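2 protein chains.
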Amino acid sequence: MARTAGSSGPRTEEAIRSAGLALIATHGYAAMSLRQLAAEVGIQQGSLYNYFRNKQEFLFDLIRTHMQDLHAALDAALAPEGGDPVERLTRFVEFHVAYHVERPQQVFICYSELRSLEPDNLAAVVAMRRDYERKLSDILDAGRAAGVFRLDDVRMATLAILAMLSGICTWYKPGGRLAKDAVREIFLGMVLALARGEVPAEAVEAAPPPALSRRNGVARAGAA
Amino acid sequence: MARTAGSSGPRTEEAIRSAGLALIATHGYAAMSLRQLAAEVGIQQGSLYNYFRNKQEFLFDLIRTHMQDLHAALDAALAPEGGDPVERLTRFVEFHVAYHVERPQQVFICYSELRSLEPDNLAAVVAMRRDYERKLSDILDAGRAAGVFRLDDVRMATLAILAMLSGICTWYKPGGRLAKDAVREIFLGMVLALARGEVPAEAVEAAPPPALSRRNGVARAGAA
DNA sequence: CCCGGAAAAAAACAGTCGATCGTATTTTGC
DNA sequence: GCAAAATACGATCGACTGTTTTTTTCCGGG
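Residue numbers (the UniProt record's numbering), protein chains in the order written: chain A, 1 to 224; chain W, 1 to 224.
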């Protein structure tokens, strides 16, 4: 036998990428064998080499493509240049959460498999990530300058917010207790609270806060 | 040749654990070969089997030991049962950050190599993690009941805080821009701000909803 | 209808993997 | 100083790894 009836290059390529994402997310890059991947796609292992030059290139391509998509999508979400820092942070968080919640596997790989990238490939991905982080840092900087955010250290806040948001894709499963929108709004509330930072580090010893009114729901988000 | 002059069981065991931690943290469990590990320790790879029955048992033992240490240390840090929720949360955060900052590699493995554990071992570790999370959740619950914390969803806040704090060990390096104490206090401030949650409703409404639909309320009702 | 290139099979390659085993030597307890 | 236990070597196993090459078949455009 040789070429299978009904075979199509683009279709096979998509199947390989899809199966590869799932396998790497589940077992990790090193633990995924090309024989496993080929079996999942329904082809022989040697045939994979019609679609990439080696295993490392396959991983890098998956990650690079995803990072590019992420950047493009973020730019689109932040496209209206205007807006005060609170609004821009809101857009950032809502975008980031929505994007992660819809692609838990893909995003997870980009954080967990950096160790599996060879030096040059790693450098390229890290640079893209720095750009992404910078976009958040810029918003936080602007907010601090405008006096709406109180942050002791913008760099740390950037890392904290991204870690907290990206953590979502380690536990979120469709059909869970909370819908995507609910997750998004709850995390938005927490990020905004963090950014407004009513409690600077020095105030740790201070007395408990004043009385507060009871609310339910994060953002009643009314259409008003 | 056979037994090496000056060889000592306990000493070798410690060297294996130490080298294993470093190798797994750097390259991952699947990517670490026992020949690599043995070379690092300075013995032949067959000799490793005097110290564990197989590779999986070695990984599990590393993780289980660290989880047990973590629990014991946390219990000690929270030992004085009293204290208001703010004080207890402060103790929790300061402990957690200090512990992570001092053992970045070890702690990192416990988060990143869960996928490499066989089902039974994974279940044991997940149970320990649940216990750890519960201790934070209890503090947040108490704080919400007392009215000092405003949190829409304690479970999500627990995950958010842990993700944010545990993220530290992915970037913290001794000798960096900030000292351990500085990192600890900055993150404490952010967590307290997040927990006290001054914000959401007004902030969200303040930002005019430009692109995305921010409509519909937050929670789709508990719905199992 | 037919042909060139695309797509996959099939077989093989040289290494490496985790794991086992018998053996030799050293350490330790008495 | 001696026997028993501990420790490590060194060779080896079969299975599996990523990758290459050759061959066969199918698809699409003329």
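Here a beta-carbon is modelled for each residue, glycine too, at the ideal position from N, C-alpha and C. A quick note: this is a predicted structure, and the numbers were derived from the prediction, not measured.
In this structure, Ala19/A sits near Leu37/A, with a CB-CB distance shorter than 7 Å. When 8 Å is used as the limit between beta carbons, Ser47/A is near no residue of chain W, the shortest such separation being about 24 Å. For Asn121/W, the enclosing alpha helix (DSSP H) starts and ends at Pro119 to Ala146. Fewer than three beta-carbon pairs drawn from the region 112–126 of chain A and the region 146–156 of chain W are found closer than 8 Å, and the two stretches are therefore not classed as touching. For Gly189/W, the three-state secondary structure derived from DSSP is helix. Interface with chain W (7 Å Cβ-Cβ cutoff): Arg144/A is excluded.
Any Cβ of chain W closer than 7 Å to the Cβ of Arg64/A would place that residue at the interface, and such an atom is absent. The shortest C-alpha to C-alpha distance from Ile168/W to any of Leu162/A, Ala15/A and Glu81/A is the one to Leu162/A. What Ala31/W touches in chain A, judged by beta-carbon distance under 9 Å, is Gly28, Tyr29, Ala30, Ala31, Arg115 and Ser116, going in chain order. A buried status is given to Ala157/W, since no fewer than 16 other beta-carbon atoms sit within 10 Å of its beta-carbon. Here Ile109/A is actually not in contact with Ala195/A; their C-beta atoms are around 28 Å apart, not less than 8 Å. Between the region 31–49 of chain W and the region 90–103 of chain W, the count of Cβ pairs shorter than 8 Å is below three; the stretches do not touch. The beta carbons of Met67/A and Met128/A sit closer together than 7 Å. Residues of chain W with a Cβ closer than 8 Å to the Cβ of Ile24/A do not exist, since the nearest Cβ in that chain sits about 10 Å away. Residues Ala15, Ile16 and Ala19 of the same chain have their beta carbon placed closer than 6 Å to that of Val41/W, with the five preceding and five following residues left out of the count. One thing to note: Arg184/A has its Cβ no nearer than 7 Å to the Cβ of Ala76/A. For Asp75/W, the three-state secondary structure derived from DSSP is helix. In the same chain as Tyr111/W, and ignoring 5 residues on each side of it, the C-beta atoms closer than 7 Å to its own belong to Ser166, in chain order.
Here DSSP, grouped into helix, strand and coil, assigns Ile43/W to coil. Against Ile43/W, chain A offers no close residue; the least beta-carbon distance is about 24 Å (beta-carbon pairs closer than 9 Å).
DSSP places Pro80/W outside any alpha helix (DSSP H), giving it a letter other than H or E.
In the structure shown, Glu94/A adopts helical secondary structure according to DSSP, grouped into three states.
Counting only Cβ-Cβ distances below 8 Å, Ser112/A has contacts in chain W at Ser112, in chain order. Check the Cα spacing between Glu13/A and each of Asn50/A, Ala2/A and Arg130/A: the tightest is with Asn50/A.
Interface annotation for the region 144–164 of chain A against chain W: Asp152, Asp153, Met156, Ala157, Leu159, Ala160, Ala163 and Met164, criterion Cβ-Cβ distance under 7 Å. About 23 Å separates the CB atoms of Tyr29/W and Val101/W; that is not less than 8 Å, and the two are not in contact.
Setting aside the 5 residues that flank it on each side, Glu133/A is surrounded in the same chain by Thr158 and Leu162, each with a C-beta closer than 7 Å to its C-beta; the list follows chain order.
With respect to Ala142/A, Pro85/A sits close: the two C-beta atoms are nearer than 7 Å.
Met128/A has a beta carbon lying at 7 Å or more from every beta carbon in chain W. When the beta-carbon positions are compared, Ala193/A and Ala145/W stay at least 7 Å from each other.
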